[in-house]
Amino acid sequence: MTDTPVTLEVEDGVGTIRLVRPPMNALDAAMQDLLKELAEQAAARADVRSVVVWGGPEVFAAGADIKEMRAMSYQDMVDRSRGLQDAFTAVARIPKPVVAAVNGYALGGGCELALCADIRIAAEDAKLGQPEILLGLIPGAGGTQRLARLVGPSRAKDLIFTGRMVTAADALAIGLVDRVVPADEVYPQALEWARRLARGPAYALRAAKEAVDGGLDTDLSSGLTLERTLFAALFATEDRETGMRSFIENGPGKAEFA
């Protein structure tokens with residue numbers, strides 16, 4: 111077992127960002143800072159073409175470190191809150207496909223971290239939620255914003271107002287997760303998804319993610335302008351030439367991208 115609470119391991123084009131702070135992967139300030147650093151590394155490294163975020167087979171992350179936060183003053187949190195959000199935003203802004211592999215609990219900051227991924231694969235026995243209200247707080251690492259964008263404002267308010275946990279099945283029904291599988295299949299299926307996309311056209315995938323995410327943050331007209339600009343720009347890439355040449359010569363779906 112490593113002494114480093116967050117690690118990045120790369121194999122076959124997939125970078126696994128692993129949370130390693132037993133027993134519950136409580137996200138303290140040091141862990142948040144390291145998460146930001148490794149997310150930025152994954153974004154920059156050419157040998158990382160897709161990313162899996164995983165907390166291990168027992169728990170994804172059960173939230174922030176409450177003992178650490180309990181000792182913080184208002185001034186302390188004013189200083190710290192930017193770093194907290196920046197850590198999660200660094201994951202959300204990785205310009206490559208990102209999948210969260212959720213075993214066990216994903217609560218509070220753990221749920222907010224899962225929200226930063228492009229898709230979420232959860233174990234059948236996983237539990238997700240934003241229980242900050244039970245501490246007299248609200249989510250502070252993007253939960254009020256990303257959750258509402260993902261499941262809609264009414265469902266987000268229900269989860270945030272009550273602080274209740276939802277099962278994986280309920281999370282699937284409201285769109286909080288995208289796939290529910292047996293617990294021992296969570297990481298293998300996340301790897302399978304990531305490896306398949308790691309073989310895809312890197313610049314087109316980057317553009318697709320930027321278009322969807324950027325469009326959600328603006329009006330339809332501006333989003334269409336962004337899409338049009340990114341679409342046209344891909345005509346300057348080798349991936350576009352590879353994909354179209356393969357389609358003409360070999361039929362659809364057979365292109366091999368570098």
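First residue of the sequence shown: 111, per my numbering; consecutive thereafter.
Note that CB positions come from ideal geometry on N, CA and C, so glycine has one too.
Predicted model, so just to flag it, every value in this text is computed and none were measured.
Can you tell me which of the options puts its alpha carbon nearest to the alpha carbon of residue i?
i: Asn213; options: Arg180, Trp164, Leu247 and Tyr313; result: Trp164
i: Pro369; options: Asn360, Asp329 and Met275; result: Summary: the structure shown does not reach residue 369, with the chain confined to residues 111 through 368, and so no result is reported for it.
i: Arg350; options: Asp323, Gly310, Leu330 and Pro133; result: Gly310
i: Ile270; options: Trp303, Arg289, Gln195 and Leu247; result: Leu247
i: Ala281; options: Met141, Asp122, Ile231 and Phe345; result: Ile231
i: Gly253; options: Cys221, Glu366 and Arg155; result: Cys221
i: Thr347; options: Phe367, Thr335, Gly123 and Arg155; result: Phe367
i: Thr352; options: Leu344, Ala365 and Gln185; result: Ala365
i: Leu286; options: Ala233, Gly333 and Ala312; result: Ala233
i: Thr199; options: Pro292, Leu244 and Lys146; result: Lys146
i: Thr272; options: Leu238, Ala308, Asp122 and Arg155; result: Leu238
i: Arg180; options: Leu144, Met134 and Leu245; result: Leu245
i: Gly250; options: Gly219, Glu150 and Val290; result: Gly219
i: Ala202; options: Ala152, Asp268, Ala300 and Gln185; result: Ala152
i: Ala278; options: Ala293, Asp268 and Arg265; result: Ala293
i: Gln255; options: Gly333, Ser356, Leu326 and Ala321; result: Leu326
i: Tyr297; options: Asp268, Val162 and Leu344; result: Val162
Note down the Cα distance separating residue i from residue j, rounded to an integer number of angstroms.
i: Ala174; j: Leu137; result: 4 Å
i: Ala171; j: Asn360; result: 45 Å
i: Met111; j: Gly166; result: Confidence is the limiting factor: at Met111 the pLDDT is only 47, short of 50, which leaves the residue's position unreliable, though a coordinate-based value still follows. Cα to Cα, the separation comes out at about 12 Å.
i: Ile204; j: Ser183; result: 32 Å
i: Ala224; j: Ala210; result: 5 Å
i: Pro362; j: Pro207; result: 22 Å
i: Glu119; j: Val158; result: 10 Å
i: Glu121; j: Ser160; result: 10 Å
i: Glu168; j: Met354; result: 44 Å
i: Glu178; j: Ile358; result: 59 Å
i: Ile243; j: Ala227; result: 23 Å
i: Val290; j: Ala236; result: 9 Å
i: Ile284; j: Ala140; result: 33 Å
i: Arg306; j: Ala312; result: 12 Å
i: Gly328; j: Ile176; result: Residue 328 is actually Thr in this sequence, not Gly. Looking at the two C-alpha atoms, the distance is approximately 35 Å.
i: Ser332; j: Glu320; result: 13 Å
i: Lys267; j: Ala154; result: 35 Å
i: Glu295; j: Leu144; result: 27 Å
i: Val322; j: Pro132; result: 35 Å
i: Arg265; j: Ser356; result: 44 Å
i: Asp345; j: Gln185; result: Strictly speaking, residue 345 in this sequence is Phe, with Asp absent from that position. Taking the straight line joining both Cα atoms gives about 50 Å.
Any beta carbon of chain D sitting closer than 7 Å to that of residue i?
i: Glu147; result: Annotation note: the requested chain D is absent from the structure, which comprises a single protein chain.
Only counting the same chain, and skipping five residues up and downstream in sequence, which positions put a Cβ closer than 7 Å to that of residue i?
i: Gln142; result: Gly193, Leu194 and Ala197
i: Leu330; result: none
Quick one: what's got a C-beta closer than 6 Å to residue i's C-beta in the same chain, skipping five residues either side?
i: Ile229; result: Val209 and Asp288
i: Gly324; result: Leu336
i: Ala216; result: Phe170, Ala224 and Leu238
i: Ala308; result: Gly123, Val124, Arg159 and Ser160
i: Trp303; result: Val209
i: Leu148; result: Val116, Leu118 and Ile127
i: Met134; result: Val169 and Ala172
i: Glu150; result: Ala200
Please indicate yes or no: does the CB of residue i lie closer than 6 Å to some heavy atom of the ligand COA?
i: Lys267; result: For the ligand COA, the structure offers nothing, since it holds no ligand at all.
Give me, in chain order, the residues of the same chain whose beta-carbon lies closer than 8 Å to that of residue i; leave out the 5 immediate sequence neighbours on both sides.
i: Ala300; result: Val162, Trp164, Val209, Ala210, Ala211 and Ile231
- Query: Between the segment 185-199 and the segment 259-268, do three or more beta carbon pairs fall short of 8 Å?
  - Reply: no
- Take every Cβ of the segment 340-357, pair it with every Cβ of the segment 315-322, and state whether three or more of those distances are shorter than 8 Å. yes
- Within the segment 143-215, ranges of the alpha helix (DSSP H) (whole runs, at least 4 residues): 176-180 and 184-202
- What beta strand (DSSP E) runs, 3 residues minimum, are completely inside the segment 211-280? 215-217, 229-233, 237-239 and 275-277
- Return the chain-ordered ranges of every alpha helix (DSSP H) run that is complete within the segment 291-341 and spans a minimum of 4 residues. 296-308 and 312-326
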